[in-house]
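Sequential numbering from 7 applies to the sequence shown in the numbering used here.
Ideal Cβ placement from N, Cα and C applies to all residues, glycine included.
Please read all numbers here as calculations on a predicted model, not as lab measurements.
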Amino acid sequence: MMTKLQYITQNYPGWTHSQLAHAACKAGVGWVQLRMKEEKESEVIASAKEIRSICNSFKATFILNDFVEIAKAIDSDGVHLGTNDMSIQEARHVLGSDKIIGGTANTLSQIVKLIEDGADYIGLGPFRHTDTKKKLDPIIGASGVESILYEMKNRKIAIPIYVIGGICIEDLESLKKMDVDGIAVSGLITKAIVNQTAETVVRKINKMYPHKVVSKDKIKIEL
Numbered sequence: 007m008m009t010k011l012q013y014i015t016q017n018y019p020g021w022t023h024s025q026l027a028h029a030a031c032k033a034g035v036g037w038v039q040l041r042m043k044e045e046k047e048s049e050v051i052a053s054a055k056e057i058r059s060i061c062n063s064f065k066a067t068f069i070l071n072d073f074v075e076i077a078k079a080i081d082s083d084g085v086h087l088g089t090n091d092m093s094i095q096e097a098r099h100v101l102g103s104d105k106i107i108g109g110t111a112n113t114l115s116q117i118v119k120l121i122e123d124g125a126d127y128i129g130l131g132p133f134r135h136t137d138t139k140k141k142l143d144p145i146i147g148a149s150g151v152e153s154i155l156y157e158m159k160n161r162k163i164a165i166p167i168y169v170i171g172g173i174c175i176e177d178l179e180s181l182k183k184m185d186v187d188g189i190a191v192s193g194l195i196t197k198a199i200v201n202q203t204a205e206t207v208v209r210k211i212n213k214m215y216p217h218k219v220v221s222k223d224k225i226k227i228e229l
């Protein structure tokens, strides 16, 4: 189930990925992505198992960033794949047709390629600079998002679009006006968890982006 808000875990002093995931779900997040790019595989497996259980208890969707084989082993709801990760097609072969597979895009041509490869949604960005990711693609900003959405509409290209990368609370209104399908955030929710304001922040986001399911059925391309 793809809800409007996706929370991406991160390394944060004094907090484990599992603790962050639990706090996010408790605050009302309905979709969690585990992102552990530098840890040992054994640590990823342990965290993935814990968060799988947490998300099950909250009836939340759980996906992994990369680590397709681990996703299959623990029966996660899917994966998100970056430009240097396993291909969408390979991941689909491993996971099957019923799992969510998202892909990262920075340009319209990348979106088209991901649709052709069978992605279920796009993480479009980075919207702003973010410290969560070390090697950033060019920042596209509000104007870049608007331009890509405009071109998609003109060319009758459709797939759920989640804007990602450095999103601040002040960006929510403008992103809503752009009619994006949802947002994927890390620091915004993590800082709220640490500051004990997560429920307030998540409630605000869910009010602006109603806590609904984004349908994968909208995917189409007419070139």
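Inter-residue spacing [alpha-carbon to alpha-carbon] between residue i and residue j
i, j, result
"H28", "P216", "21 Å"
"A52", "R161", "44 Å"
"S221", "P166", "8 Å"
"E176", "K210", "11 Å"
"M158", "G20", "42 Å"
"C31", "K213", "16 Å"
"M184", "E44", "34 Å"
"A125", "A33", "29 Å"
"G131", "D123", "19 Å"
"K55", "N71", "14 Å"
"L11", "V207", "12 Å"
"S153", "A111", "14 Å"
"G172", "S192", "8 Å"
"K3", "N62", "Only positions 7 to 229 of the chain appear in the structure, and residue 3 is not among them; the question remains open."
"R48", "T22", "Reading off the sequence shown, one finds Ser at residue 48, where the question assumed Arg. For S48 and T22, the distance between alpha carbons rounds to 15 Å."
"E179", "T136", "19 Å"
"T113", "S24", "32 Å"
Nearest-angstrom Cβ-Cβ length linking residue i and residue j, presumed shorter than 8 Å
i, j, result
"I227", "I60", "Not really, about 36 Å apart at Cβ, beyond 8 Å."
"A190", "Y168", "5 Å"
"V35", "M42", "No, V35 and M42 are not in contact; Cβ-Cβ is about 18 Å, not under 8 Å."
"F68", "S82", "5 Å"
"V37", "Y13", "According to the sequence provided, residue 37 is Trp. The question's Val does not apply to it. Yes, they are in contact, since the Cβ atoms of W37 and Y13 sit about 7 Å apart, within 8 Å."
"G109", "L87", "5 Å"
Residue burial classification, residue i (beta-carbon count within 10 angstroms, cutoff 16)
i, result
"D187", "buried"
"Q39", "buried"
"G84", "buried"
"N90", "exposed"
"V151", "buried"
"A77", "buried"
"A79", "exposed"
"M7", "exposed"
"K105", "buried"
"T5", "Any answer about residue 5 is impossible in this case: the structure gives the chain only from 7 up to 229."
"V74", "buried"
Terminal residues of the beta strand (DSSP E) in which residue i lies
i, result
"T110", "I106 to A111"
"Q39", "W37 to L40"
"V219", "Run containing V219: none; DSSP gives neither H nor E here."
"Q16", "Element bounds for Q16: n/a, residue is neither H nor E."
"V85", "G84 to L87"
Boundaries of the alpha helix (DSSP H) in which residue i is found, first to last residue
i, result
"A77", "V74 to I80"
"I170", "Segment I167 to I170 is the beta strand (DSSP E) holding I170; no alpha helix (DSSP H) there."
"L70", "Where L70 is concerned, there is no enclosing alpha helix (DSSP H), although the beta strand (DSSP E) it sits in stretches over T67 to N71."
"A29", "H23 to A33"
"H99", "I94 to L101"
"L114", "L114 to D123"
"G193", "G193 to V200"
"G147", "G147 to N160"
"L178", "L178 to K183"
"I163", "Run containing I163: none; DSSP gives neither H nor E here."
"I57", "E47 to F64"
Taking three-plus beta-carbon pairs below 8 Å as touching, is the stretch 194-205 in contact with the stretch 82-98? no
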